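Here's the structure, in structure tokens; my notes come after.
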Amino acid sequence: MMTNPALASPARASDRQRRLLTLARSFGNRAVSVAATLLGLAALTFFIGHLLPLDPVIAVLGPNATHDAYVAMYKQLGLDQPLWKQFAVYLGHIVQFDFGNALTTGRPVVTDIARVFPATLELASVAILIGTGIGIPAGVLSAMYRGSPLDHIVRFVGLLGYSTPHFWLGLMGLSLFYATLGWIGGPGRIDTMYELDLEPRTGFYLIDAALTGDLALFKDVFGHIVLPASILGFTALTYISRMTRSFMIEQLGQEYVVTARVKGLSWARTVWVHAFRNVAVQVVTVVALSYAFLLEGAVLTETVFAWPGFGRYLTNALLAGDMNAVVGCTILIGVIFIGINIVCDLLYRVFDPRTR
Amino acid sequence: MADITRPSSLSAWLREPIPTSSWQARAQQLWLSWRALRSNPSVMFGGTVILAVALLAIFAPLVATHDIYAQDLSIRLQKPSAAHWLGTDELGRDVYSRLVFGARITLYIAGLTAIIAAPIGLMVGTTAGYIGGWVDTVLMRIVDVFLAFPSLILALAFVAALGPGIENAIIAISLAAWPPIARLARAETLSIRKSDYIAAVRLQKASSLRIIFNHIMPMCIPSVIVRVTLNMAAIILTAAGLGFLGLGAQPPSPEWGTMLSSAREFIFTNGTIAAIPGTAILLVSLAFNLLGDGLRDMMDPRHG
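Protein sequences, first through last, are from chains A and B.
In this text, residue positions in the first sequence follow our numbering: the first is 1, and each later residue adds one.
In this text, residue positions in the second sequence follow our numbering: the first is 1001, and each later residue adds one.
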């Protein structure tokens, strides 16, 4: 607003200071809100863990425990303490990532999760590659040719993706491609006959198998991951293409697009170079969020495919009533979600000047 | 008087430019919305499927051909035939009849969840939005915590704590379903609270409670209904997922997810018994998605 050039530069300097201050304050607010959310997360999981109608003492000792043993364990678990004290102790434990031992395996929950997580990470990563590779172009093309048959197909496939029970798709896929056609490997990550050939280095079987240079082994691993990853990728794809489409439609209605066209730029160049660049940050955050949502999809998909990952671990814990493992997994997923949201938020602030 | 002005036919009565009674005005409004609905293919398709499934569910005992619990191991895993239209399952029970009764359970879960979650979300959202300040902060923080989990994970954790079963599944899904509604209602409230009519009511010294209940909530209801319709699809999928994992409705209940769970062992030999309940789930959830999408487009053409 300053028109006098002599006054312009000091004004700009104080402007910059003010902007830094607002930025710092907004980061501060953000940090407080994240801390509050994490505390709420702890409270919610504590509530879930203590809502259990199962007696936690009996869960540890079994139904045949003597009265003395029962009382001792009751004290040892801190159940005689007031609720707020129990919560404080609980908070202290989870800050140190101590979720107790899993009843089903007898090992610390954190160790268990660290063991099973790479399998899920590999599955989700392949899935997100499929989802992004198809979803983004599909969304952009659908916005480019809005109202065309292609657009209708993309939208309908998206709607199907939102309406399909994916675990059922897994069952049908196994029945068709594995049992009937024999094109792919069955449940699990790898055939038992290859299991000893694979030296786990990265935890990603595809990479490990490629490192051995054994083509048959790699084929086997690929045959096992391709169907569950495609099905999970389909969930990601529907979300990514739908969001990309609506971002692009918004951009293509802007005046600069018309200007670019008037100046003689081709439609494809206008869309991909000019408009797409403006939605890139939004699309990246959508991809990040759908990556997090794959964790949810993994629970059912892994159960169907007997995939030895995080989702199946959680399911087994649920069925066994193993609350330590359930709470540990729930907290982990919550933290991953909050973390990805923060990363998305930061991405916006850093790369999108409009949010500053 | 009324006899002189009353037009001859019903459609003319509905089309009359100046309604002569409030009853006629209301009927005209209804007729107009019905015409708008009819011209929207998504709404018509989704609505028809849901209506058909609802009718099937209501008249299940009349429509079903067999006793859904009657086992006959001599005819297990049969392909569709004249006696068993969709074949038989692993215990020789009629799949078609079970599917029809399963529609009851699916609609029961979806309906009850909506009845529990929508009012909670509406109340939390409008209160937070209207009162603002620390009430808003606290309530929205709670919503954020719930939204920090994917809904299936949250439902799973609650079911684990409450124990498996259909009622607990409904509670768990409702607990996971109210936060997005609260957020939506809050956003609506924030734009409504600035309007002149709210200021007018406030000048008349109406209490906050009265303003929220009588003047803000009714304005939020249309968008909440659309949101809930869209959520129905997700609710049905979550319920089926819980049933499939063995944490929702328990066998021998003909809940579709539970049917899938028991069909799972036989997918390598007989694909149809798994295909049928899955298709039913897909169809109903697709119908809710189409209905919700169509309603949203009608109410807010910008999203088109």
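Quick reminder that beta carbons are idealized off the backbone N, C-alpha and C, glycines included.
Keep in mind the model is a prediction, meaning the values are calculated, not measured.
Checklist entry - What residues from chain A crowd round Ser1285 of chain B, counting only those whose CB sits closer than 7 angstroms? => result Indexing the second sequence from 1 puts residue 1285 of chain B at position 285. Correct list: Ser163.
Checklist entry - Got a sec? Which residues, its chain only, sit under 6 angstroms from Ser142 of chain A by beta carbon, not counting five neighbours each side? => result Indexing the first sequence from 1 puts residue 142 of chain A at position 142. Only Asp151, Val154 and Arg245 meet the Cβ criterion.
Checklist entry - Expressed to the nearest angstrom, what Euclidean distance is found between the alpha-carbon atoms of Ala1249 of chain B and Glu1090 of chain B? => result Translated into positions along the second sequence, residue 1249 of chain B becomes position 249. Translated into positions along the second sequence, residue 1090 of chain B becomes position 90. Spanning the two alpha carbons is a distance of roughly 18 angstroms.
Next on the checklist: Going residue by residue through the region 144–197 of chain A, where are the continuous alpha helix (DSSP H) segments of at least 4 residues, counting only ones entirely within it?
Outcome noted: 149–163 and 166–173
Item to check | Min CB distance Ile190 of chain A to chain B below 8 angstroms | outcome: Within the first sequence, residue 190 of chain A is the residue found at index 190, counting from 1. Closer than 8 angstroms: no.
Next on the checklist: Please confirm whether Gly1246 of chain B has its beta-carbon closer than 8 angstroms to some beta-carbon of chain A.
Outcome noted: Stepping through the second sequence from its first residue, residue 1246 of chain B is reached at position 246. At least one chain A Cβ lies under 8 angstroms of Gly1246 of chain B.
Next on the checklist: Taking the alpha helix (DSSP H) that Asp1094 of chain B belongs to, which residues open and close that run?
Outcome noted: Taking the first residue of the second sequence as 1, we reach residue 1094 of chain B at position 94. Neither: Asp1094 of chain B is in no alpha helix (DSSP H) and is coded neither H nor E.
Checklist entry - According to DSSP, is Asn101 of chain A helix, strand or coil? => result To locate residue 101 of chain A, count along the first sequence from 1; it is residue 101. Note: Asn101 of chain A maps to strand in three-state DSSP.
Checklist entry - Within 8 angstroms (strictly less), CB to CB, does Phe1213 of chain B reach chain A? => result As a working mapping, residue 1213 of chain B is identified with position 213 in the second sequence. Phe1213 of chain B does not count as touching chain A.
Checklist entry - In chain B, which residues lie with their C-beta within 8 angstroms of the C-beta of Met323 of chain A? => result If you number the first sequence from 1, residue 323 of chain A lands on position 323. Neighbours of Met323 of chain A on chain B, chain order: Ala1160 and Ala1161.
Checklist entry - How big is the Cα-Cα spacing for Leu41 of chain A and Leu77 of chain A? => result Within the first sequence, residue 41 of chain A is the residue found at index 41, counting from 1. Within the first sequence, residue 77 of chain A is the residue found at index 77, counting from 1. So the alpha carbons of these two residues sit roughly 21 angstroms apart.
Checklist entry - Listing by chain order, which chain B residues have their CB less than 9 angstroms from the CB of Glu296 of chain A? => result The residue labelled residue 296 of chain A in the question sits at position 296 within the first sequence. Ordered by position in chain B, the residues that pass the 9 angstroms Cβ test against Glu296 of chain A are Phe1149, Pro1150, Ser1151, Leu1152 and Ile1153.
Checklist entry - At a Cβ cut of 7 angstroms, what residues of the region 1222–1247 of chain B count as close to chain A, listed as they run along the chain? => result Ala1233, Leu1237, Ala1240, Gly1241, Phe1244, Leu1245, Gly1246 and Leu1247
Next on the checklist: List, in chain order, every chain B residue whose beta-carbon is nearer than 8 angstroms to that of Phe293 of chain A.
Outcome noted: Your numbering for residue 293 of chain A matches position 293 in the first sequence. What Phe293 of chain A touches in chain B: Pro1150.
Next on the checklist: I want to verify the contact list: residues of chain A whose CB lies under 7 angstroms from the CB of Val1145 of chain B, in sequence order.
Outcome noted: Along the second sequence, one-based indexing puts residue 1145 of chain B at 145. Result: Thr37, Gly40, Leu41 and Leu44.
Checklist entry - Does the Cβ-Cβ distance between Ala31 of chain A and Arg1141 of chain B come in under 8 angstroms? => result Position 31 of the first sequence, counting from 1, holds the residue named residue 31 of chain A. Position 141 of the second sequence, counting from 1, holds the residue named residue 1141 of chain B. The answer is no: Cβ separation not under 8 angstroms.
Checklist entry - Going by DSSP, which residues form a beta bridge with Thr1088 of chain B? => result Position 88 of the second sequence holds residue 1088 of chain B. Partner(s): B:Asp1094.
Next on the checklist: Let me make sure I understand the geometry here. Which of B:Leu1283, B:Arg1093 and B:Ile1109 has the alpha-carbon closest to that of Ile1170 of chain B?
Outcome noted: Here residue 1170 of chain B corresponds to residue number 170 of the second sequence, with the count starting at 1. Closest option to Ile1170 of chain B, Cα to Cα, is B:Ile1109.
Item to check | Opposing strand residues paired with Pro108 of chain A [DSSP bridges] | outcome: Here residue 108 of chain A refers to the residue found at position 108 when the first sequence is read from its first residue. Pro108 of chain A is bridged to A:Asn101.
Checklist entry - Whose CA, out of B:Thr1106, B:Ala1036 and B:Ala1025, lies closest to the CA of Arg1296 of chain B? => result What you label residue 1296 of chain B is simply residue 296 of the second sequence in a count that begins at 1. The residue with the shortest Cα to Cα distance from Arg1296 of chain B is B:Ala1036.
Checklist entry - Of all Cβ atoms in chain A, is any one closer than 8 angstroms to the Cβ of Ala1002 of chain B? => result Start at 1 with the first residue of the second sequence, and residue 1002 of chain B comes out as number 2. Per-residue confidence for Ala1002 of chain B stands at a pLDDT of 47, beneath the threshold of 50, marking its modelled position as unreliable; the derived number appears in the next sentence. No, Ala1002 of chain B lies away from the interface with chain A (no Cβ there is under 8 angstroms from its Cβ).
Checklist entry - Got a sec? Which residues, its chain only, sit under 7 angstroms from Gly1294 of chain B by beta carbon, not counting five neighbours each side? => result Reading the second sequence from its first residue, position 294 is the one you call residue 1294 of chain B. Around Gly1294 of chain B: Asn1040, Ser1042, Val1043 and Gly1046.
Checklist entry - By the 10 Å Cβ neighbour count, where 16 or more other Cβ atoms means buried, how is Gly1125 of chain B classified, buried or exposed? => result Looking up residue 1125 of chain B in the second sequence gives position 125. Under this definition Gly1125 of chain B is a buried residue.
Checklist entry - Alpha carbon to alpha carbon, how far is Phe337 of chain A from Ala1148 of chain B? => result Numbered from 1 along the first sequence, position 337 holds the residue referred to as residue 337 of chain A. Numbered from 1 along the second sequence, position 148 holds the residue referred to as residue 1148 of chain B. Looking at the two C-alpha atoms, the distance is approximately 6 angstroms.
Checklist entry - Using DSSP with H/G/I as helix, E/B as strand and the rest coil, what is Thr1020 of chain B? => result The residue given as residue 1020 of chain B occupies position 20 in the second sequence. Three-state result, Thr1020 of chain B: coil.
Checklist entry - In chain B, which residues lie with their C-beta within 9 angstroms of the C-beta of Ile179 of chain A? => result Residue numbering aside, residue 179 of chain A sits at position 179 when the first sequence is read from its first letter. A quick correction: the sequence has Ala, not Ile, at residue 179 of chain A. Within chain B, the residues near Ala179 of chain A are Ile1267, Phe1268, Thr1269 and Gly1271.
Checklist entry - Does the Cβ of Asp1072 of chain B have 16 or more other Cβ atoms within 10 Å, making it buried, or fewer, making it exposed? => result Translated into positions along the second sequence, residue 1072 of chain B becomes position 72. By the 10 Å Cβ count, Asp1072 of chain B comes out exposed.
Next on the checklist: Quick test of the definition: if touching needs 3 or more C-beta pairs under 8 angstroms, does the region 1102–1121 of chain B touch the region 1171–1188 of chain B?
Outcome noted: yes
Item to check | Local conformation of Ser1208 of chain B per DSSP, three classes | outcome: Along the second sequence, read from residue 1 onward, the residue named residue 1208 of chain B stands at position 208. If DSSP states are grouped into helix, strand and coil, Ser1208 of chain B belongs with the helices.
Checklist entry - Taking the alpha carbon of Val287 of chain A as the point to measure from, which residue in A:Phe47, A:Ile128 and A:Val57 has its own alpha carbon closest? => result In the first sequence, residue 287 of chain A corresponds to position 287, counting from 1. Of the candidates A:Phe47, A:Ile128 and A:Val57, the one whose C-alpha sits nearest the C-alpha of Val287 of chain A is A:Ile128.
Item to check | Members of the region 124–147 of chain A that neighbour chain B once the beta carbon cut-off is set at 7 angstroms | outcome: none
Item to check | Sequence-distant residues of the same chain with beta carbon closer than 8 angstroms to Leu198 of chain A, five excluded per side | outcome: Here residue 198 of chain A corresponds to residue number 198 of the first sequence, with the count starting at 1. Excluding positions up to five away in sequence, the list reads Ile190, Tyr205, Asp208, Ala209, Thr212, Leu217 and Val221.
Item to check | Spatial neighbours of Glu195 of chain A in its chain, beta-carbon cut-off 8 angstroms, leaving aside the 5 residues before and after | outcome: The sequence position of residue 195 of chain A within the first sequence is 195, counting from 1. Taken in chain order, the list of residues that qualify is empty.
Checklist entry - At a CB-CB cut-off below 9 angstroms, which residues of chain B make contact with Met172 of chain A? => result As a first step, residue 172 of chain A must be located in the first sequence, where it is residue number 172. In chain order: Ile1267, Gly1271, Ala1274, Ala1275 and Gly1278.
Checklist entry - At which residues does the alpha helix (DSSP H) containing Gly1241 of chain B begin and terminate? => result By 1-based counting over the second sequence, the position of residue 1241 of chain B is 241. Counting along the chain, the alpha helix (DSSP H) containing Gly1241 of chain B begins and ends at Met1217 to Leu1245.
Item to check | Proximal residues of chain A, C-beta to C-beta of Arg1076 of chain B below 9 angstroms | outcome: Numbered from 1 along the second sequence, position 76 holds the residue referred to as residue 1076 of chain B. Chain A residues near Arg1076 of chain B: none, gap ~18 angstroms exceeds 9 angstroms.
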